[in-house]
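**Q**
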Amino acid sequence: MEHTVEQTFHSIGTTTDWIVMVVYFIAIMLFGSYFGRYTKNTSDFFFGGRRFSWWLITMSIVATGVGSHSFVKYSAKGFQHGISSSMTYLNDWFFIAFFMFGWLPIIVYSKVRSIPEYFEKRFSPSARFLATILLLLYMIGYIGIGFLTLGKAVIPMLPQAFVIFGTTVPITLMGAIVVIAIITGIYITFGGQTAVIFTDLLQGFILLFAGLLLFFFGITYLGGFDIFWNLLPVEWKLPLADFNQPANFNFVGIFWQDAIAGSIGFLFMNQGLIMRFMACKSVNEGRKAAAVNILFVLPISAIVVGNAGWVGKAISIASPDVISTNTSPDQIFVVVANIIASPGMFGFIMAALTAALMSTVDTLINATAAIFINDVYRPVRKFLKKAIPTESEKERRELGAARYASIGVTVLGVLAVLAFKNFPTVYEAHGYFHSTLTPPLVVGIFLGVFWKKFTPAGVITTFVGGIALMILGARYPGILIAPFDHGIEMNQSHPYSYIRALYNIVVCLGVAILAVFTAPWQAKTVSVLQNKQNGKTAMNVLTGFVIFLIVLVTFNIASIDFQILAALGIIILVPFVVTYFVQYDEEKNTKGLIAGSIGEARRYFKDGEPNDEEGEKVFVHWKQIDGDTAVVRFSIENMAKMKAQPGDLVYLSDKRKWLGGLKSIHSVFGEPHDEPGVVYVTGEQIGHGLFVPGRILEAEKEM
Amino acid sequence: MDLFSHSWLPFIYLYGLGGFLFVFGIIITLKAGSFDLRRYSHKKWMWVLVFGFVWYLAMHFLMTLAALDMISVYAVPIILLLLAVVFIIVTVILRKK
Chain A
2 MEHTVEQTFH SIGTTTDWIV MVVYFIAIML FGSYFGRYTK NTSDFFFGGR RFSWWLITMS
62 IVATGVGSHS FVKYSAKGFQ HGISSSMTYL NDWFFIAFFM FGWLPIIVYS KVRSIPEYFE
122 KRFSPSARFL ATILLLLYMI GYIGIGFLTL GKAVIPMLPQ AFVIFGTTVP ITLMGAIVVI
182 AIITGIYITF GGQTAVIFTD LLQGFILLFA GLLLFFFGIT YLGGFDIFWN LLPVEWKLPL
242 ADFNQPANFN FVGIFWQDAI AGSIGFLFMN QGLIMRFMAC KSVNEGRKAA AVNILFVLPI
302 SAIVVGNAGW VGKAISIASP DVISTNTSPD QIFVVVANII ASPGMFGFIM AALTAALMST
362 VDTLINATAA IFINDVYRPV RKFLKKAIPT ESEKERRELG AARYASIGVT VLGVLAVLAF
422 KNFPTVYEAH GYFHSTLTPP LVVGIFLGVF WKKFTPAGVI TTFVGGIALM ILGARYPGIL
482 IAPFDHGIEM NQSHPYSYIR ALYNIVVCLG VAILAVFTAP WQAKTVSVLQ NKQNGKTAMN
542 VLTGFVIFLI VLVTFNIASI DFQILAALGI IILVPFVVTY FVQYDEEKNT KGLIAGSIGE
602 ARRYFKDGEP NDEEGEKVFV HWKQIDGDTA VVRFSIENMA KMKAQPGDLV YLSDKRKWLG
662 GLKSIHSVFG EPHDEPGVVY VTGEQIGHGL FVPGRILEAE KEM
Chain B
22 MDLFSHSWLP FIYLYGLGGF LFVFGIIITL KAGSFDLRRY SHKKWMWVLV FGFVWYLAMH
82 FLMTLAALDM ISVYAVPIIL LLLAVVFIIV TVILRKK
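If you read the protein sequences in the order shown, they are chains A and B. In case it helps, the working numbering puts the first sequence at residues 2 to 704. In case it helps, the working numbering puts the second sequence at residues 22 to 118.
1) Using the beta-carbon of each residue, which ones in chain A are nearer than 9 Å to V94 (chain B)?
2) Can you tell me the Cβ-Cβ gap for Q564 (chain A) and A357 (chain A), rounded? I've got them flagged as a contact below 8 Å.
3) Measuring only the C-alpha atoms, how far is P440 (chain A) from V111 (chain B)?
4) So what's F556 (chain A) in DSSP terms, helix, strand or just coil?
5) In this structure, what does DSSP give as the bridge partners for Y681 (chain A)?
6) Whole angstroms are fine: how far does the CA of K153 (chain A) sit from the CA of L159 (chain A)?
7) Short of 7 Å in beta carbon distance, which residues of its chain neighbour H4 (chain A), apart from the five on each side in sequence? Order them along the chain.
8) Determine, for M359 (chain A), whether the minimum Cβ-Cβ distance to residues of chain B falls below 9 Å.
9) Looking at the C-beta of A79 (chain B), does it have a partner C-beta in chain A at a distance below 9 Å?
10) Please name the residue in A:S407, A:H674, A:T456, A:F269 whose C-alpha comes closest to that of F582 (chain A).
11) Suppose only complete runs of 3+ residues qualify. What are the beta strand (DSSP E) ranges in the stretch 142-203 of chain A, listed by chain order?
12) Measuring only the C-alpha atoms, how far is E676 (chain A) from L101 (chain B)?
13) Can you name the residues of chain B whose CB is closer than 9 Å to the CB of N92 (chain A)?
14) Quick one: what does DSSP say L698 (chain A) is sitting in, helix, strand or coil?
15) What's the C-alpha gap between S498 (chain A) and L481 (chain A)?
16) So, do the stretch 470-487 of chain A and the stretch 224-235 of chain A have three or more beta carbon pairs nearer to each other than 8 Å?
17) Quick one, which of A:E703, A:L503, A:L663 has its alpha-carbon nearest I261 (chain A)'s?
18) Mind pulling the chain B residues with CB within less than 7 Å of I97 (chain A)?
19) For D243 (chain A), return the contacting residues in chain B, with the cut-off set at a CB-CB distance below 7 Å.
20) Around the Cβ of M2 (chain A), are there at least 16 other Cβ atoms within 10 angstroms (buried) or fewer (exposed)?
21) Taking only beta-carbon atoms, is A370 (chain A) less than 9 Å away from chain B?
22) From A567 (chain A) to L515 (chain A), what distance separates their C-alpha atoms?
23) For L365 (chain A), count neighbouring C-beta atoms within 10 Å of its own C-beta (all shown protein chains included) and say buried if the count is 16 or more, exposed if not.
24) Let me know the secondary structure DSSP gives T328 (chain A) once reduced to three states.
25) Between the beta-carbon of F577 (chain A) and the beta-carbon of T538 (chain A), is there less than 9 Å?
26) Going by beta-carbon coordinates alone, are G633 (chain A) and I666 (chain A) separated by less than 9 Å?
27) Taking C-beta to C-beta, are G14 (chain A) and M351 (chain A) nearer than 9 Å?
28) Say whether chain A places a C-beta atom closer than 9 Å to the C-beta of I100 (chain B).
29) Name, please, each residue of chain A whose Cβ falls closer than 7 Å to the Cβ of T112 (chain B).
30) Looking only at DSSP bridge pairs, what is C281 (chain A) linked to?
31) Given that L296 (chain A) touches chain B, what residues does it touch there, using C-beta distances under 7 Å?
32) DSSP three-state label for A309 (chain A), please.
33) Could you name the residues of the same chain whose beta carbon sits closer than 6 Å to that of I298 (chain A), not counting the 5 residues immediately before and after it, in chain order?
34) According to DSSP, Q8 (chain A) sits in a beta bridge with which residue or residues?
35) Alpha carbon to alpha carbon, what distance is there between P126 (chain A) and G466 (chain A)?
36) May I ask you to report which of helix, strand or coil DSSP gives S668 (chain A)?
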């Protein structure tokens, strides 16, 4: 589609719509604040206490996934290209086995609190340091995309300017984003993960309802589904885009950018999503949440997020005077919603959209703050050897730091918008972002989990050498990315926004494999140097030379030939430097941290041999006793029914399923007693589990 | 108008390469032992995994046929609904075993 001059809108909507939006926001914030009271420590703040049922997490993921910029970006592409706009919602299944039986059990059983922490356990502190930088860039970039989308969604509803004390103040995109960021920051700072999960649960339902309602209104406006369907050209009806054209929306580019880099990135390295799965009561509940979400919720979501664009296209064909083909694609969602929904209803749809977008941003801010606390604050305090008097004082300080970190991350997220706001649409900005930032970490995580031989030298070379080649690819796309382009035409202003993902993955993977296969030579050379008197001096000189090469590539000093040679030098030399300086024991560093040692991970998680004998769930009354707060005690009869032994892990929750595990605890079976149907719990456990007097509890053995 | 590059070519690429990645994921996790078919609960997951792949393949296949006017667009949700019912029934049976 040719867009000569894009038509943009302002002041869409009525007073009724604004009233509905304000009421909706207040209601959502009160709802979130209510659940914020369940935040007692940093574990609750970030992980919600690892207690929730699969259905609750499934729905809360909807608001995170769907809310994240999706309405605006997929409607834009739906208007320009049709049903294929949201095709990438239907690609996550390809990686589900890797996730369910690789990454998910490892992150839960190894008790890591963040992805960089996994890198330290699996590789080394230096790998963690680099992973932290990359992950923070990824998360802050994601927050920036979220804010950009929020701004673009809200701008059409705002006037071009407002007058205050006789001065006309123009409303700009950045201005709107700053105001939105302040509201978002206030909410997340005082809520925490439990508040976010429950707010997202509510919003997940509202979002799906609002999106489907919009589709219904659109079909009704057009006169029925047959009319809508027949108005669309064949190309708009096809579920997948054209293989390699146009440059700004083609199947193969989007497959690599979104289906591969984006989906793996979202499932494996989006700390916000990972924390949702970690908030599940068990690994199996996490698997159920992932399966139901991908199998059934995502196809519905694909309709929900794209339909405004499809309806907009149909209206633009039937009535070009109502919707011009030149309408700004990023505004099409708001324009269509305003046309087909009545006043008030439009406000509701916009409130659902913006609130859901805020949920996404909230989740990401919370997750990024978690990374900051876990991977920056704690290591720095440890390094500075700062003593803290008590455990409760430590918790109080960390919770405070987490809240300040949330504010800092919000500010950085707003600044990140500057990097993306000049792309023609949010879709292209997001595509470029996925293609560029995810490959090194995705390769690092993947090989770390599934390849025992993958060493610190491998992962650090992937990060440093892979990124050096990625920088060169970005600088010389016509030479380096072109061989991977599948016939896609290179857009000069934004070259290979999507298919660069393939190049970036290939170079990172290639560097990783090369570093691992040359490991014996590295070890041999390093061992010779270690036995030489001036070995350390030689390695320090080599490290300095590697830094020089990195500077050469990063700052574009020298011709392309020299830069390529410099990148190759980095790839060859970094493994030697890492092998020399980093302590690594393959057996110790892979135990319980790779897919091949899940059994070890489970033993570590339980601190003993797992009991996999299948037992039944039991329903019990609780009785408060004074005693060991580390265990709960069941009767001999109940223990036999659950096939449990003292020392096994138990999950104890309020019997009411609809609570989704909100009132629950994890504990350990203590020595049995002889009072059937009763569990002995301490006051502290009752407080943590929020157990209500007289309410029956459901107990199940975990392992 | 030749729509092959807009219909079946991306379909073949998606399920060829995607299918390879999917099978590769299953094989790797099986070999690693984290996906263990000796455990009954994991056997149930194998059913879910295979169904999921067929479910998405059917979805894209039917939508492409409908777009090309080879079947009625209304057949898409009906067939998918039937598949979903089969999934629920089999899953419930496996759960009760």
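Idealized CB from N, CA, C, for every residue including glycine.
**A** Looking at the atomic coordinates:
1) The residue given as residue 94 (chain B) occupies position 73 in the second sequence. The contacting residues are F226, D227, W230, K238.
2) One-based indexing of the first sequence puts residue 564 (chain A) at position 563. One-based indexing of the first sequence puts residue 357 (chain A) at position 356. A Cβ-Cβ distance of about 44 Å is found for the pair Q564 (chain A) and A357 (chain A), leaving them out of contact under the 8 Å criterion.
3) As a working mapping, residue 440 (chain A) is identified with position 439 in the first sequence. As a working mapping, residue 111 (chain B) is identified with position 90 in the second sequence. So the alpha carbons of these two residues sit roughly 38 Å apart.
4) Position 555 of the first sequence, counted from the first residue, corresponds to residue 556 (chain A). Three-state result, F556 (chain A): coil.
5) Within the first sequence, the letter at position 680 stands for residue 681 (chain A). For Y681 (chain A), which the question treats as bridged, DSSP gives the partners A:K624, A:R634.
6) Position 158 of the first sequence, counting from 1, holds the residue named residue 159 (chain A). Position 152 of the first sequence, counting from 1, holds the residue named residue 153 (chain A). Between L159 (chain A) and K153 (chain A), the C-alpha separation is close to 11 Å.
7) Counting from one through the first sequence, the residue named residue 4 (chain A) turns up at place 3. With a pLDDT of 45 at H4 (chain A), under the threshold of 50, the modelled position of this residue cannot be trusted, and the question is left open.
8) One-based indexing of the first sequence puts residue 359 (chain A) at position 358. Chain B, which has no Cβ nearer than 9 Å to the Cβ of M359 (chain A), makes this no.
9) The count along the second sequence starts at 1 and reaches residue 79 (chain B) at position 58. Not closer than 9 Å to any Cβ of chain A, the Cβ of A79 (chain B) fails to qualify, so no.
10) Indexing the first sequence from 1 puts residue 582 (chain A) at position 581. Nearest C-alpha to F582 (chain A): A:T456.
11) 162-165, 168-171
12) For the purposes of this step, residue 676 (chain A) is identified with residue 675 of the first sequence, where counting begins at 1. For the purposes of this step, residue 101 (chain B) is identified with residue 80 of the second sequence, where counting begins at 1. Cα to Cα, the separation comes out at about 51 Å.
13) If you number the first sequence from 1, residue 92 (chain A) lands on position 91. The contacting residues are L35, G39, Y77.
14) Counting from one through the first sequence, the residue named residue 698 (chain A) turns up at place 697. It is a strand residue.
15) Working through the first sequence from its first residue, we reach residue 498 (chain A) at position 497. Working through the first sequence from its first residue, we reach residue 481 (chain A) at position 480. So the two alpha carbons sit approximately 14 Å from each other.
16) Between the stretch 470-487 of chain A and the stretch 224-235 of chain A there are fewer than three C-beta pairs closer than 8 Å, too few to call the two in contact.
17) As a first step, residue 261 (chain A) is located in the first sequence; it is residue number 260 there, counting from the start. Closest by alpha carbon: A:L503.
18) Numbered from its first residue, the first sequence carries residue 97 (chain A) at position 96. Per Cβ cutoff of 7 Å: L70, G73.
19) As a working note, residue 243 (chain A) is residue 242 in the first sequence. Those are S26, H27, listed as they occur along chain B.
20) Taking the first sequence and counting its residues from 1, one reaches residue 2 (chain A) at position 1. Because the pLDDT at M2 (chain A) is just 43, under 50, the model does not fix this residue reliably, and the value given afterwards should be weighed accordingly. The residue is exposed, with fewer than 16 neighbouring Cβ atoms inside 10 Å.
21) In the first sequence, residue 370 (chain A) corresponds to position 369, counting from 1. Not closer than 9 Å to any Cβ of chain B, the Cβ of A370 (chain A) fails to qualify, so no.
22) If you number the first sequence from 1, residue 567 (chain A) lands on position 566. If you number the first sequence from 1, residue 515 (chain A) lands on position 514. Roughly 16 Å between the two C-alpha positions.
23) By 1-based counting over the first sequence, the position of residue 365 (chain A) is 364. Under this definition L365 (chain A) is a buried residue.
24) In the first sequence, counting from the first residue as 1, residue 328 (chain A) sits at position 327. DSSP places T328 (chain A) in strand when its eight states are reduced to three.
25) Locating residue 577 (chain A) in the first sequence gives position 576, where the first residue counts as 1. Locating residue 538 (chain A) in the first sequence gives position 537, where the first residue counts as 1. Cβ atoms of F577 (chain A) and T538 (chain A): not closer than 9 Å.
26) The residue you call residue 633 (chain A) lines up with position 632 of the first sequence. The residue you call residue 666 (chain A) lines up with position 665 of the first sequence. It should be pointed out that residue 633 (chain A) corresponds to Val in this sequence rather than to Gly. Yes, the Cβ-Cβ distance between V633 (chain A) and I666 (chain A) is below 9 Å.
27) Taking the first residue of the first sequence as 1, we reach residue 14 (chain A) at position 13. Taking the first residue of the first sequence as 1, we reach residue 351 (chain A) at position 350. Cβ distance < 9 Å, so G14 (chain A) and M351 (chain A) count as in contact.
28) Position 79 of the second sequence, counted from the start, is the residue given in the question as residue 100 (chain B). Not an interface residue.
29) Counting from one through the second sequence, the residue named residue 112 (chain B) turns up at place 91. Result: empty, since nearest Cβ-Cβ is about 10 Å, beyond 7 Å.
30) Start at 1 with the first residue of the first sequence, and residue 281 (chain A) comes out as number 280. DSSP, once it has assigned bridges, lists A:F53 as partnering C281 (chain A).
31) As a working mapping, residue 296 (chain A) is identified with position 295 in the first sequence. Chain B residues near L296 (chain A): G73, W76.
32) Counting from one through the first sequence, the residue named residue 309 (chain A) turns up at place 308. Under the three-state reduction of DSSP output, A309 (chain A) falls in the helix class.
33) Here residue 298 (chain A) refers to the residue found at position 297 of the first sequence. Note that residue 298 (chain A) is Val in the sequence shown here, rather than Ile. Once the five neighbours on either side are set aside, the close Cβ partners of V298 (chain A) are V63.
34) Position 7 of the first sequence, counting from 1, holds the residue named residue 8 (chain A). DSSP output for Q8 (chain A) lists A:T328 as bridge partner(s).
35) If you number the first sequence from 1, residue 466 (chain A) lands on position 465. If you number the first sequence from 1, residue 126 (chain A) lands on position 125. The alpha-carbon atoms of G466 (chain A) and P126 (chain A) are separated by roughly 18 Å.
36) Stepping through the first sequence from its first residue, residue 668 (chain A) is reached at position 667. S668 (chain A) falls in the strand class under three-state DSSP.
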